[in-house]
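K.L.:
In mature numbering (1 follows the signal peptide of the UniProt record, and there is no 0), the protein residues as written are -27 to -1, 1 to 396. We put the beta carbon where it would ideally sit given N, CA and C, even for glycine. This is the structure I want to talk about, given as structure tokens.
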Amino acid sequence: MKRRSLLKAFALSATFLSMGISLQAYAADTIKVGIMHSLSGTMAISETPLKDMALMTIDEINAKGGVLGKKLEPVVVDPASNWPLFAEKARQLLSQDKAAVVFGCWTSVSRKSVLPVFEELNGLLFYPVQYEGEEMSPNVFYTGAAPNQQAIPAVEYMMSEDGGGAKRFFLLGTDYVYPRTTNKILRAFLHSKGVQDKDIEEVYTPFGYSDYQTIVSNIKKFSAGGKTAVISTINGDSNVPFYKELANQGIKSTDVPVVAFSVGEEELRGIDTKPLVGHLAAWNYFESVSNPVNSQFVADYRAYAKAHKLPNADTVVTNDPMEATYVGIHMWAQAVEKAGTTDVDKVREAMANQSFAAPSGFTLTMDATNHHLHKPVMIGEIEDNGQFNVVWQTEQPVRAQPWSPYIPGNDKKSESPVKTGGK
């Protein structure tokens, strides 16, 4: 009797052991991909769609056989618009979850929070949002715009006859790294064009700020001194009350145009955009661009939103950081296939000169030395349906200058190569 029980116990142990081996083999047969975006807090309005786009892209790649014959397994974390928590979540993804790559962050302060972690652990981050350009890390691929791919062309446009011939500039932003550094660059650029400090006003508000009555009133007063443009680097959900206050005080685009660097289709979704018609945004992609790749991209996302019952699935939109997320994941997958491994050093080398036919209508290329995408620049006017009419764009993608020549001493750094090996 005891012998029979013992044999059963051995058989049961063998079964569990084989199941364990099977589960281990299954786990080893997937490639973990980290997705690190704020799904709560002030930045959730902007970052949640990037998480959804990343999951859609992973599903798309898996449906075609995955990468290196393995399915991609997403690991989603929510740093909750809490900058120190981004670093904790990054360490979790790299050390605990063993993610081969991470797609995430929006604000530069969140990116700077995680950067030491990625460099210490030799992880790989794909960063999908425009930023101030003062960085080149071997552990980051920047798929958003540098200042010469967004901010500087936008200000040049506002100074042009087509853009309204602005002579005075109200620089309004959220109080953190990206707006302050970008405005430092723009102030130096404006100086190079003969604009004096008396014709530049610079104002910052905290994350989540909502009371724009006094600021908008000051914009009206400032604009009385000459043709004025507002350059907005407001981030997150503060954009909603800002644009509402513009409408409340009757500021029209024909009088004082606003060009925004962090307002896209998602931020305008759900607000009455009729009073905002004619105000501008500068990006590298708009949902409204007409080409077959974009038509499929938009249709696929709408179908994904309905199939996965995303909030307000009937009105979902695509935007620039979502396109950058989509392009970045596909480029990483191509580089892994080329390298034949997910090893960070080998994937980093394989990323050089990767190209992808993007929804923007352009074939985007990853620069071989500075880890930034070559991107087209587009300026769009807000329409009453919440979409943008592209009023100006470059003929070809523009190579990023991650070190701005408009900050003294940085002119020689614009060609600084990124190290391609080690940490």
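1) Using 8 Å as the cut-off, can you tell me whether the stretch 15 to 29 makes contact with the stretch 201 to 213, which would need three or more C-beta pairs spanning the two stretches below that distance?
2) Give the DSSP-derived three-state secondary structure of T201 in the structure shown.
3) I think V232 touches S205, with their Cβ atoms under 8 Å apart; what is that distance to the nearest whole Å?
4) Helix, strand or coil, according to DSSP, for F142 in the structure here?
5) Could you give the distance in angstroms between the alpha-carbon of P378 and the alpha-carbon of N257?
6) Tell me, to the nearest whole angstrom, how far the beta carbon of G117 is from that of V128; I am working on the premise that it is less than 8 Å.
7) How many angstroms separate the CA atom of Q(-4) from the CA atom of H303?
8) So F91 and A72 are in contact, right, with Cβ under 8 Å, and what is the actual spacing, rounded?
9) With a Cβ-Cβ cutoff of 8 Å, do N343 and A373 count as a contact?
10) Is S(-6) buried or exposed, if buried means 16 or more other CB atoms sit within 10 Å of its CB?
11) Shortest alpha-carbon distance to S183 belongs to which of G106, G146, I158 and F162?
12) By the 10 Å Cβ neighbour count, where 16 or more other Cβ atoms means buried, how is H164 classified, buried or exposed?
13) Pairs of beta-carbons, one from the stretch 287 to 299 and one from the stretch 23 to 31, closer than 8 Å: are there three or more?
14) Once you ignore the five residues that flank R242 on each side, which residues in its own chain have a CB closer than 7 Å to its CB?
15) Can you tell which of P230, G334 and A312 has its C-alpha closest to the C-alpha of N264?
16) Can you grab the Cα-Cα spacing for the pair V350 / T367, in whole Å?
17) Using the Cα positions of E105 and K85, report the straight-line distance between them to the nearest angstrom.
18) Provide the residue(s) that pair with G353 in DSSP beta bridges, ordered along the chain.
19) Might you give, ordered along the chain, the residues of its own chain that have their beta carbon closer than 7 Å to the beta carbon of I173, omitting 5 neighbours on each side?
20) Return the residue from the list Q169, G42, L23 and D2 that minimises the CA-CA distance to M9.
21) What's the C-alpha gap between V74 and F99?
22) Classify E93 as helix, strand or coil using the three-state DSSP reduction.
23) Whose C-alpha, out of K5, F114 and S11, is nearest the C-alpha of Q69?
24) When burial is assigned at 16 or more other CB atoms within 10 Å of the CB, is G96 buried or exposed?
25) DSSP puts F329 in a beta bridge; with which residues?
26) Confirm, please, whether the CB-CB distance from A341 to N362 is below 8 Å.
27) Just checking my contact of A331 with V320 at CB under 8 Å: how many whole Å lie between their CB atoms?
28) Assess, as a yes-or-no matter, whether the stretch 183 to 195 is touched by the stretch 244 to 255 under the definition of 3 or more beta carbon pairs within less than 8 Å.
29) Rounded to a whole number of angstroms, what is the C-alpha to C-alpha distance between E354 and V150?
30) What is the C-beta distance between I224 and K193, in whole angstroms, given that I count them as a contact (C-beta under 8 Å)?
31) Starting from the C-beta of V113, find all residues in its chain whose C-beta is less than 6 Å away, skip the five residues before and the five after it, and write them out in chain order.
32) Could you check where the alpha helix (DSSP H) with I224 kicks off and where it finishes?
33) Tell me the residue span of the alpha helix (DSSP H) that contains P47.
34) For M9, which residues does DSSP report across the bridge?
35) Buried or exposed: Q122, going by 16 or more other Cβ atoms within 10 Å of its Cβ?
P.N.:
Based on what the coordinates show:
1) With the cut-off at 8 Å, the stretch 15 to 29 and the stretch 201 to 213 touch.
2) Three-state result, T201: strand.
3) 7 Å between Cβ atoms; contact.
4) If DSSP states are grouped into helix, strand and coil, F142 belongs with the strands.
5) C-alpha separation (whole angstroms): 21 Å.
6) Between G117 and V128 the beta-carbon gap is near 18 Å, outside 8 Å, which marks them as no contact.
7) Caution is warranted here: a pLDDT of 40 is assigned to Q(-4), below 50, making its placement in the model unreliable, and the coordinate value is therefore given only provisionally. Cα to Cα, the separation comes out at about 27 Å.
8) With a Cβ gap of about 11 Å, F91 and A72 do not count as contacting.
9) Yes; because the gap between Cβ atoms is below 8 Å, this pair is in contact.
10) For S(-6), the pLDDT reaches just 39, beneath the cut-off of 50, and the residue's location in the model is therefore unreliable, although a value from the coordinates is still provided. So S(-6) ends up on the exposed side.
11) Nearest C-alpha to S183 among G106, G146, I158 and F162: G146.
12) Flag for H164 reads exposed.
13) Touching, yes, given that three or more Cβ pairs across the two stretches are closer than 8 Å.
14) Excluding positions up to five away in sequence, the list reads T288, V290 and G359.
15) Of the candidates P230, G334 and A312, the one whose C-alpha sits nearest the C-alpha of N264 is G334.
16) Cα-Cα distance, rounded: 6 Å.
17) A straight line joining the alpha-carbon of E105 with that of K85 spans about 12 Å.
18) Answer is A254 and V363.
19) For I173, where only same-chain residues beyond five positions count, the Cβ hits under 7 Å are F142, L144, R160 and L163.
20) If we check each option's Cα against that of M9, L23 comes out closest.
21) V74 and F99: Cα-Cα distance of roughly 8 Å.
22) Annotated three-state conformation of E93 is helix, per DSSP.
23) Taking only the C-alpha atoms, the option nearest Q69 is K5.
24) Counting Cβ neighbours within 10 Å, G96 comes out buried, since at least 16 surround it.
25) Partner residues in the beta bridge of F329, as assigned by DSSP, are L337.
26) No. Outside cutoff.
27) At roughly 20 Å, the Cβ-Cβ gap does not stay under 8 Å, so A331 and V320 are not in contact.
28) The stretch 244 to 255, when compared against the stretch 183 to 195, does not touch it at the 8 Å Cβ threshold.
29) Answer to the nearest angstrom: the Cα atoms are 27 Å apart.
30) In this structure, I224 and K193 form a Cβ contact; the two beta carbons are roughly 7 Å apart against a cut-off of 8 Å.
31) Hits under 6 Å: L98 and Y100.
32) Looking at the DSSP string, I224 is not in any alpha helix (DSSP H), and its letter there is neither H nor E.
33) Note, P47: premise wrong, no alpha helix (DSSP H); beta strand (DSSP E) at K44 to V50.
34) In the DSSP output, where bridge partners are listed per residue, M9 has V50 and G77.
35) Per the 10 Å Cβ criterion, buried.
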